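Below: the structure, in structure tokens.
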Amino acid sequence: MSEATLLALSPLDGRYAGKVDPLRPVFSEFGLIHARVRVEIEWLLALAAEPGIPELPAFGDRAVAALRQLADGFSVADAARVKEIERTTNHDVKAVEYFIKERLQGNDELAGALEFVHFACTSEDINNLSYALMLRQARDGVMLPRLDAVIAKLRAMAHEHAGVPMLSRTHGQTASPTTLGKELANVVARLERQRGVLASLPMPGKINGAVGNYNAHAIAYPDVDWPAFSERFVTGLGLDWQPYTTQIEPHDGIAEACDAQARIGTICIDLCRDVWGYISLGYFRQALKEGEVGSSTMPHKVNPIDFENAEGNFGVANALFRHFSAKLPISRWQRDLTDSTVLRGLGTAFGHALVGHDALLRGLDKLSINPDRLQADLDAAWEVLAEAVQTVMRRHGLPNPYEQLKALTRGQGITEASMREFIGALELPEGEKQRLLALTPASYTGLAERLAREI
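Quick note: the sequence shown uses this note's numbering, first residue 842, plus one each step.
Below, the structure is given as structure tokens:
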């Protein structure tokens, strides 16, 4: 661990630095500046292709290639130059504009286009599109693939353990048995639904000037259909056009993305807590790692640290995601600056979510089932067959079935023998009676195995 890592204020740049590397090109200061440069370059290219702007003739192939290279080849050194300019301008987007103009001055064809860099734009025209591009990149390139890995692991476990019976607990008390695979399938279904929501969310963007009315655009070139131009430009970036805004894009789309990420995090927290509990009950064993210490004083311990780590990181991420979704859609009048500093924290939320996914996957990979412990709990819970017996009694019209089983089982120590004795005394068709007598807690799992295999 380097000195810089040891001195990092955030654990994402210290302890967890290596786990969030895929997000650094996206949400770092470099990533934001790079996105701004890309948007500015694409805007200049779009303006040059518009016949209604005669003062900016269409660029030749070499000029287009030079502009695209400026964006595609943008380096950390280039970002450092932008920050150097910002020390004078004290304005981050203006510094990007000056950087681009600086790089274009040596090109004869592009030198005449300098004043069309950032033409008619407010800073938020560039910023909102940059963040939308960053969010799309983080979602599609990092978060969805990692979520897919979690879903795939859980699905494989659901299929592998589809038929492994397990005692259920509702309100912490014994309940109708399930299978381990079915309980994992429940999580797969939940995560897949939220994955679909996240993947299908629009990424809105706008480029319509200082208060959303194309004021500067229309005064300079009144004959250009600026809303149509704006829509072509935004959709050309692979984003969804937002036609009505103040100075800022209203951030409802970012709020939706944050809410979706938070729901995914909540489901993962729920899973972490359940697995933690099953480890405590002995249903799962954890693989041992050579040299690893579970406790500084109790040598026997193998703690469920991966699930605790995941739960904690998803919790931090969710706290941030929920703040973003509550705060960002609110802006005083035509704009205030509170969104600017808040948006810079997006990477922190995504970083903690990514660390959470990593820890969850690591924990799942260490698990193996303890069939003896699972069976022992089932064998000690014959009272769970009360549901089965009283339901069959209802079918055949026996009197007071629920009340009879309640008197037999509620708060009582029910054994295999007492349950079989009760069934044997029932006036049921012989076939039904034999079916109930053959029933055990381990075999009373309904359609759980089928449901687990169908996920």
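Note that beta-carbon positions come from the ideal geometry of N, C-alpha and C, so glycine has one too.
On a predicted model such as this, the values are computed, not experimentally measured, just so you know.
Tell me the DSSP secondary structure of residue i in three-state form.
i       : result
Gly1046 : strand
Leu848  : coil
Thr1011 : strand
Ser843  : coil
Asp1064 : coil
Asp862  : helix
Pro1006 : strand
Ser1137 : Residue confidence is low: Ser1137 scores 49 on pLDDT, short of 50, so the model does not pin down where it sits. No coordinate-derived value is stated.
Trp1174 : coil
Ser1284 : coil
Ala1293 : helix
Tyr857  : coil
What number of angstroms, rounded off, separates the C-alpha of residue i from the C-alpha of residue j?
i       : j       : result
Leu1215 : Gly1118 : 13 Å
Gln1253 : His1012 : 18 Å
Phe1074 : Asn1159 : 33 Å
Tyr939  : Thr1182 : 22 Å
Arg1236 : Gln1245 : 15 Å
Cys1099 : Pro1043 : 13 Å
Ile1264 : Arg996  : 38 Å
Pro1170 : Ser1284 : 53 Å
Ala1248 : Asn1154 : 47 Å
Pro1018 : Met1234 : 20 Å
Gly1192 : Arg1261 : 56 Å
Pro1145 : Ile1120 : 7 Å
Gly943  : Ala906  : It should be noted that the sequence gives Glu, not Gly, for residue 943. Cα-Cα distance, rounded: 17 Å.
Arg1126 : Met1007 : 15 Å
Asn1027 : Glu1271 : 37 Å
Gly1197 : Ile926  : 37 Å
Arg1251 : Ala1227 : 10 Å
Tyr972  : Pro1045 : 10 Å
Phe1165 : Gly1106 : 15 Å
Thr1179 : Ala845  : 30 Å
Arg980  : Ile967  : 20 Å
Pro941  : Ala858  : Checking the sequence, you will find Ile at residue 941 rather than Pro. Those two C-alpha atoms are separated by around 31 Å.
Ser1209 : Leu1129 : 11 Å
Leu1239 : Leu1288 : 26 Å
Asp1147 : Leu1278 : 43 Å
Val880  : Thr1286 : 57 Å
Gly893  : Trp1067 : 10 Å
Leu1122 : Gln1035 : 30 Å
Trp1174 : Met998  : 52 Å
Arg987  : Leu1025 : 18 Å
Ser1071 : Gly1079 : 13 Å
Would you mind reading off the limits of the alpha helix (DSSP H) that contains residue i?
i       : result
Thr1232 : Ala1227 to Arg1236
Leu1161 : Ile1146 to Lys1168
Leu1205 : Leu1187 to Asp1206
Asp1213 : Pro1212 to Asp1220
Val878  : Glu870 to Ala889
Tyr1243 : Pro1242 to Thr1250
Leu1277 : Glu1271 to Leu1278
Val1183 : Thr1179 to Leu1184
Ile967  : Ser964 to Ala979
Pro1084 : Counting along the chain, Pro1084 falls outside any alpha helix (DSSP H), and DSSP gives it neither H nor E.
Ala1266 : Careful: Ala1266 lies outside any alpha helix (DSSP H) and carries neither H nor E.
Arg987  : Leu985 to Glu1001
For the beta strand (DSSP E) containing residue i, name the first residue and the last one.
i      : result
Gln835 : In the structure as shown, the chain begins at 842 and stops at 1296. Residue 835 is therefore absent and cannot be evaluated.
Flag residue i as yes if its beta-carbon sits less than 8 Å from any beta-carbon of chain B, otherwise no.
i      : result
Leu888 : Of the protein chains in the structure, only one exists, and it is not chain B.
Since residue i and residue j are thought to touch, with beta carbons under 8 Å apart, how far apart are those beta carbons, to the nearest angstrom?
i       : j       : result
Ala904  : Leu951  : 5 Å
His1058 : Ala899  : Between Ala899 and His1058 the Cβ distance is about 19 Å, and since that is not below 8 Å, they are no contact.
Val937  : Leu911  : With a Cβ gap of about 11 Å, Val937 and Leu911 do not count as contacting.
Glu965  : Ile1089 : 5 Å
Leu1202 : Lys994  : 6 Å
Any heavy atom of the ligand HEM within a distance shorter than 7 Å of the CB on residue i?
i       : result
Gly1118 : With respect to the ligand HEM, the structure offers nothing, as it holds no ligand at all.
Give the list of continuous alpha helix (DSSP H) stretches no shorter than 4 residues that lie fully inside the stretch 1089 to 1134. 1093 to 1122
Quick one: which unbroken alpha helix (DSSP H) runs of 4-plus residues sit fully inside the stretch 893 to 960? Chain order, please. 902 to 913, 917 to 930, 933 to 945 and 949 to 952
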